[in-house]
Amino acid sequence: MDAVTMDSIDWWSTYGFETPDLAEVAKKVVSQPISSSSAKRNWSTYSYIHNVKRNCLNCKRADKLVFIHSNIHLVSRFSEAYKSGPLKKWYIDPESSFLEGSSSRFEEM
């Protein structure tokens with residue numbers, strides 16, 4: 001097998017021993033599932049901001065409002081209220097070792 005036919009996670013597991021820090025990050029990155037949900041979320045926000053009542057907004061202004069809305073939502077995830085309030089069950093620290101290993105742990109939640 002070579003790098004072209006070998007799965008990327010297997011390649012990093014096999015040949016990444018020379019750069020263990022880089023291999024660890026690479027394995028996390030290539031293990032992430034591909035999804036269009038963030039794009040769909042932005043389109044949903046865009047349709048909320050640029051609706052019939054606000055159709056006088058130009059595209060540039062609507063884009064800025066979507067950008068601000070998305071970033072406020074992202075920043076709010078790092079607040080203590082987000083981690084301890086009613087949304088606590090949905091908060092998982094991305095650096096947590098909880099994410100590594102079996103997916104059966106998620107079923108226990």
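Numbering (the UniProt record's numbering), first residue to last: 1 to 109.
Just so you know, even glycine gets a beta-carbon here, dropped at the ideal spot from N, CA and C.
Being a predicted model, the structure only gives us computed values, none of them experimental.
Remark: C-beta atoms of VAL75 and THR45 do not approach each other more closely than 8 Å. The three-state secondary structure of PRO20, taken from DSSP, is helix.
Taken in chain order, the unbroken stretches of alpha helix (DSSP H) that lie wholly in the UniProt domain "HAT C-terminal dimerisation" (5 to 72) and span 4 residues or more are 8 to 15, 20 to 30, 37 to 49.
Approximately 6 Å separates the beta-carbon atoms of ALA62 and ILE49; this is inside 8 Å, confirming the contact. Going by C-alpha positions, SER13 is about 27 Å away from SER36.
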